[in-house]
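At position 887 of the sequence shown (counting the first as 1) the number is 887 in our numbering, and the numbers step up by one without a gap.
Ideal placement from N, C-alpha and C gives every residue a C-beta, glycine not left out.
Just so it is clear, the structure is predicted and the values come from calculations on it, not from any experiment.
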Amino acid sequence: MKILIPGFFLFIALVCCVNSMAQNPIDGPAQACRNQDVLFSTSITGYDSIEWDFCDDDLLDISGNGITLTGIPGAAGIDGIEIIEHSGRFFGFILAANSNDLVRLEFGTSLTNTPIITNLGDLGILSRPTKIKLFRENGNWFAFSLNASSGNDLLILEFGNDPVNIPTVRNLGNFSGQITTPFGADLVLTDHPILFIADRSSRRLLKLDFNNGIANPPVLDVKQLPVTNFFRNVAFEYFNGTYIGLAVYENGEIYQLETTMLPGSEIQVKQINQALPPMNTPYSVEFFPQGDKLVSLVLSRTGELHQLIYSSDTDVIPAYNYIGNFGTFTLAFDFGWIKSDSRYHAFLSNPGNNSLYRLDINNTCDASVFTSDAANPPAIQYSGAGVKLISLTETRGVGKWIYFDSLLVNRGPDPQFSVSGQCIGSASQFINETILDVTPGTAFWDFGDGTTSTDLNPSHTFSSSGTFNVTLTMTDGCGESQSLVREVNIFPADDLQAGFSADAVVCTNTSNLFTDESTFTNDMPREWAWFSNGVLVSQDQNPQLGFVNSGSYNIRLEVTGVSGCISSVTRSIDVIDGPAPSFSVSDACIEAGIQFNNTSQGAITSYIWDFGDGTTSTAENPLYTYDQPGDYTVRLTTFNSAGCVSFIDQIVSVYAEPLPEFSTELACAGNPIQFIDESTVQNANIEGWLWDFGNGNTSTDQSPQFQFDDSGTFLVNLTVTSTFGCEATITKSVNVLPSPDAAFSFSTSCVNETVFFTDESIPAAGTSITSWAWDIGGEFSSRRNPDYVFDFPSDYEVTLIVTGSNQCIGTVTQTVRVPQPPNVAFQVDNPCVGDAVTFTDISQSPQDPLVSYQWDFAGLGVASGNVASFEFPGIGTYSVTLTVETQSGCSYSTQQLISIGNPPAASFTASTIAGAPPLSVNFTNTTANAERFEWYVNGELIAQTANFQFTFSEFGTYDVMLLAYNSSDCAGVATQMIDVVEPFMDMVAGKLVAIRNNNRIQLQMNVRNNGSINVQSFPVQLKLDDQVSINGIVNAPIAPGSEIVVLLPFDLEDKNFGYMCVEIADEIGGFPDSDLSNNSSCVTFGTTVQTSVPYPNPAGDELHVQIYSGEASEVRMEIINSLGQLVNTPAAQTERSGITTVTLNTSALRQGVYFLMINDGQAVHMHRIVISR
1 MKILIPGFFL
11 FIALVCCVNS
21 MAQNPIDGPA
31 QACRNQDVLF
41 STSITGYDSI
51 EWDFCDDDLL
61 DISGNGITLT
71 GIPGAAGIDG
81 IEIIEHSGRF
91 FGFILAANSN
101 DLVRLEFGTS
111 LTNTPIITNL
121 GDLGILSRPT
131 KIKLFRENGN
141 WFAFSLNASS
151 GNDLLILEFG
161 NDPVNIPTVR
171 NLGNFSGQIT
181 TPFGADLVLT
191 DHPILFIADR
201 SSRRLLKLDF
211 NNGIANPPVL
221 DVKQLPVTNF
231 FRNVAFEYFN
241 GTYIGLAVYE
251 NGEIYQLETT
261 MLPGSEIQVK
271 QINQALPPMN
281 TPYSVEFFPQ
291 GDKLVSLVLS
301 RTGELHQLIY
311 SSDTDVIPAY
321 NYIGNFGTFT
331 LAFDFGWIKS
341 DSRYHAFLSN
351 PGNNSLYRLD
361 INNTCDASVF
371 TSDAANPPAI
381 QYSGAGVKLI
391 SLTETRGVGK
401 WIYFDSLLVN
411 RGPDPQFSVS
421 GQCIGSASQF
431 INETILDVTP
441 GTAFWDFGDG
451 TTSTDLNPSH
461 TFSSSGTFNV
471 TLTMTDGCGE
481 SQSLVREVNI
491 FPADDLQAGF
501 SADAVVCTNT
511 SNLFTDESTF
521 TNDMPREWAW
531 FSNGVLVSQD
541 QNPQLGFVNS
551 GSYNIRLEVT
561 GVSGCISSVT
571 RSIDVIDGPA
581 PSFSVSDACI
591 EAGIQFNNTS
601 QGAITSYIWD
611 FGDGTTSTAE
621 NPLYTYDQPG
631 DYTVRLTTFN
641 SAGCVSFIDQ
651 IVSVYAEPLP
661 EFSTELACAG
671 NPIQFIDEST
681 VQNANIEGWL
691 WDFGNGNTST
701 DQSPQFQFDD
711 SGTFLVNLTV
721 TSTFGCEATI
731 TKSVNVLPSP
741 DAAFSFSTSC
751 VNETVFFTDE
761 SIPAAGTSIT
771 SWAWDIGGEF
781 SSRRNPDYVF
791 DFPSDYEVTL
801 IVTGSNQCIG
811 TVTQTVRVPQ
821 PPNVAFQVDN
831 PCVGDAVTFT
841 DISQSPQDPL
851 VSYQWDFAGL
861 GVASGNVASF
871 EFPGIGTYSV
881 TLTVETQSGC
891 SYSTQQLISI
901 GNPPAASFTA
911 STIAGAPPLS
921 VNFTNTTANA
931 ERFEWYVNGE
941 LIAQTANFQF
951 TFSEFGTYDV
961 MLLAYNSSDC
971 AGVATQMIDV
981 VEPFMDMVAG
991 KLVAIRNNNR
1001 IQLQMNVRNN
1011 GSINVQSFPV
1021 QLKLDDQVSI
1031 NGIVNAPIAP
1041 GSEIVVLLPF
1051 DLEDKNFGYM
1061 CVEIADEIGG
1071 FPDSDLSNNS
1081 SCVTFGTTVQ
1091 TSVPYPNPAG
1101 DELHVQIYSG
1111 EASEVRMEII
1121 NSLGQLVNTP
1131 AAQTERSGIT
1141 TVTLNTSALR
1151 QGVYFLMIND
1161 GQAVHMHRIV
1171 ISR
């Protein structure tokens, strides 16, 4: 038994966007019995509201469900209808385009009520309004509306928290002229609004994405659609993972759109109206998800309603149904839809009688409850059988999500079965083909011979032949039963006898007829199988069999009767060689003869050619010319001496010669002339055109436009070529008339000033100009010299078309630039008494450069130029006026009051004025009586704080300037130079002072930083009478170029030292000192100079001695031998204060004992030395 259970679907139609939930949010059974309690629930949380509809498929069969039409008189509206529900009340909004009014309808709690009609007027801005689209965000109602005149603006109407409120209006403008004729619109609500505009004349689709919120400007995308007719309306809906759209045009064209709705996503465009019945001037379109189908309703201008139904595959053209126009409408511009209590309603305007009509789609729901707003609605029952479509609508924020599920209500079993094998003695197989809505099911079989079975698919062997009444009784899961009785015939095995005959002569290379001659009484044959040498070659009853090789073949025929019984017969057939016909031929045009090339093989005795037009030939290779074009079946028949006849058929195409023809519109010099191809060709297409315009110019377009610069008569040739290469030429004379020369000039163009246009056109010789047509930025005039006021700055295309008395036109287009008015402004510098105040123009005029400047200093003086100065006579407030003139000649002014006062005395200090990079400097403001400050480094504004810190990272000299402003904006100036130099270390040890107190000694030293590096601390070494050295660290920051006095980190017991010397380290912070000669300082006790013991001693060629000097002194050195004789007198040296190492050259002295005498003018210091080598 084969039991088929129908499939079910879950479909999510997202009105706003792709839902993130991965599983079905509707929980309910897949099948149910009639009048059985069914429970549905949802896992959705965090919603604003939900609504269940237990019969949501009314729009799939509008004609079947029926429509009720009700007139609502007095609601005059031309274009734009929207119906909404708010807190249980229903409202309608209509745009009356002819009177520029917004009309509100209040239906109360039922759409069947006669509405209260309120005309809200034009709201001060409506101008030929077209569409209105309402939505709710954060509890407030908004509407998009479009003006199709006076600016073509997009408006946002804000109603607040109740649609009964009078709306305020925000004008978003036309986005720099992108909106030109907005006649259609659709609103897609994702987590934010996306508005689509059908721009009628420009044929563009505008997408305005408010992803930054309704209060902020939208992101604009523009799609140019490939249509030449007027774009009327557009609609989008989410379906099967993408957004499907329809764009309708006034000439009946309809284009399918697809997009993801992501920012910047491409829109795919496909024309579909060619595959649909014609729709007369479609004006409006709406989408409605219906489970796994998407319904679109299209309203035509004549009030006809058309239905398109998409299946899950949107690549397939949707199904079409004509609904009708209800015998009421002569005009219909728009319709508004709403669903209430599981029923769809539409409101249509009829401009023909200024009435509004309500269409009620009849609901055939057989559920005990139609709708519910509970997450877990009460149990419902269905009284009728079939598939029920359930929808759940979730509202969250701006958007809505619609989820669909289906329920199959039991239709009862429909028993069906088939049987195979009806031959006596063989088992008959019964196949159960019943479809059950609700399982499990049971089967009961009665075979009509006294036996039964409860198997689903039983096998049964009948004991005798004859006719038996077999009964199948099926019971489904709901307990419903149905029976089916069918006659089953059982046949005897010898009822059918196989037999056949063949042609008298059987040949190769041809088809040989084999004829079935089987006989039967009741078991009629239903299948045939022909075998050649055991190989199946045909299953036809009377086949045409071919043989490749000659010889003897065993041919067997097996015949199967309706009972399944099989009978067979075998015969031996002799096959002889036959001729093998073949020929080649090429297609040709009708005017050419066709050569037939015979390529047949075999022992052929004769040929017969049949050319397919009633003509034959016995020639071996004939040449033939056809009288008419067309496709001909040519047959070549060949004969041999054994009586074998073979033939071959081949189709030959004979192509017609094209008939060239063309016409032209009025031909005028200087204007494009439309050449219209009217050529035809039989049974082919024309694919090539070559135009020769008689003046050396050519074109290969089918219907080109060509402009003759001069008047006169020209011979134009058109050569056309068909798809099969056949060509023909026609020559015609074209008379080109002279055209007027259009020209105009215009006055200076400024915003809100009258611009005068002057016609300067010249008529053609012998003619006059009879009319003028101006297009001035979309406004039209037939005056010869019109004037116009431009309200907004922009580039306007102005076109003048003049028509001569010979009907030829001249056209000229100029761009009239109405520049953006400049933002006239100036800045004031140094508004101080006693000084010249500087006035600098800072106007912004990117489109129209400024060319002149006039200054008026409170009537006390004037000046020109973009920078001017003036010294006011005293402290006070003065009115200064700047008047500028732009390059286009427009003049604009601004006036400013300035205060003249006394400047403050600016001053500041720097933490350092020199150093290596990076050099961080703190600047401390010491200015009094100032309110604001500006710090400049090399003329660049760096800070506007009272104090600031700056790091100089590059070498160089920097000019730091402070401008301090008082309350009158008068500035005082202070400057300081900062030197940023190469990093080098040069510490200088200055005067060293010993401070004695209580038998203790402390040392104080002057230290100067001659380097370029900020030093925070530095090592020092103290040397005492050539006895000991003590190391220490001085923690005292010292900036480059500065000098400090430091107390050294040594506290010593006073032991009558001869000298103390302090030496600064030769490397600090990784930087070696660049001048070690000034790194030490000494203090001596008793004499000015002290010396160290010479070293090395014994010495060789050099001898060293250190001089410790508390101040700069002149020192003289002498060397004498052991006899007291002077042997060497080194040059006298002037030693600086501190430690000086003196090196003596002793290479000329012989080995022995000597004495070194050092005389500082106050004392003589003698040291014994030995020279040894």
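Return the CA-CA distance between residue i and residue j, expressed in angstroms with no decimal places.
{"i": "residue 556", "j": "residue 538", "result": "11 Å"}
{"i": "residue 265", "j": "residue 187", "result": "17 Å"}
{"i": "residue 517", "j": "residue 496", "result": "11 Å"}
{"i": "residue 961", "j": "residue 976", "result": "7 Å"}
{"i": "residue 665", "j": "residue 673", "result": "6 Å"}
{"i": "residue 205", "j": "residue 251", "result": "17 Å"}
{"i": "residue 219", "j": "residue 209", "result": "5 Å"}
{"i": "residue 725", "j": "residue 586", "result": "13 Å"}
{"i": "residue 595", "j": "residue 583", "result": "10 Å"}
{"i": "residue 139", "j": "residue 401", "result": "18 Å"}
Under the three-state reduction of DSSP, which class applies to residue i: helix, strand or coil?
{"i": "residue 199", "result": "strand"}
{"i": "residue 62", "result": "helix"}
{"i": "residue 580", "result": "strand"}
{"i": "residue 1149", "result": "coil"}
{"i": "residue 1076", "result": "helix"}
{"i": "residue 275", "result": "helix"}
{"i": "residue 181", "result": "coil"}
{"i": "residue 1085", "result": "coil"}
{"i": "residue 507", "result": "strand"}
Classify residue i as buried or exposed, calling it buried when 16 or more other Cβ atoms lie within 10 Å of its own Cβ.
{"i": "residue 270", "result": "exposed"}
{"i": "residue 1148", "result": "exposed"}
{"i": "residue 687", "result": "exposed"}
{"i": "residue 1095", "result": "exposed"}
{"i": "residue 290", "result": "buried"}
{"i": "residue 1123", "result": "exposed"}
{"i": "residue 322", "result": "exposed"}
{"i": "residue 625", "result": "exposed"}
{"i": "residue 22", "result": "Since pLDDT at residue 22 reaches only 38, below the 50 mark, its modelled position is unreliable, and the value read off the structure follows with that caveat. With fewer than 16 other Cβ atoms within 10 Å, it is exposed."}
{"i": "residue 783", "result": "exposed"}
{"i": "residue 985", "result": "buried"}
{"i": "residue 996", "result": "exposed"}
{"i": "residue 87", "result": "exposed"}
{"i": "residue 914", "result": "buried"}
Would you grab the beta carbon distance between residue i and residue j for me? Rounded to a whole angstrom, and I think it's under 8 Å.
{"i": "residue 489", "j": "residue 422", "result": "6 Å"}
{"i": "residue 411", "j": "residue 450", "result": "With 8 Å as the limit, residue 411 and residue 450 do not qualify as a contact, their Cβ atoms being about 33 Å apart."}
{"i": "residue 233", "j": "residue 253", "result": "Actually they are not in contact, since the Cβ atoms of residue 233 and residue 253 sit about 12 Å apart, beyond 8 Å."}
{"i": "residue 332", "j": "residue 308", "result": "Their Cβ separation, rounded to whole angstroms, is 18 Å, which puts residue 332 and residue 308 out of contact at 8 Å."}
Look at residue i and residue j and say whether their C-beta atoms are less than 8 Å apart.
{"i": "residue 802", "j": "residue 813", "result": "no"}
{"i": "residue 508", "j": "residue 578", "result": "yes"}
{"i": "residue 320", "j": "residue 301", "result": "no"}
{"i": "residue 455", "j": "residue 408", "result": "no"}
{"i": "residue 491", "j": "residue 465", "result": "yes"}
{"i": "residue 1180", "j": "residue 27", "result": "The question about residue 1180 has no answer here: the residues shown for the chain are numbered 1 through 1173."}
{"i": "residue 135", "j": "residue 193", "result": "yes"}
{"i": "residue 84", "j": "residue 163", "result": "yes"}
Taking only beta-carbon positions, decide if residue i is within less than 8 Å of chain B.
{"i": "residue 88", "result": "This model lacks chain B altogether; it includes just one protein chain."}
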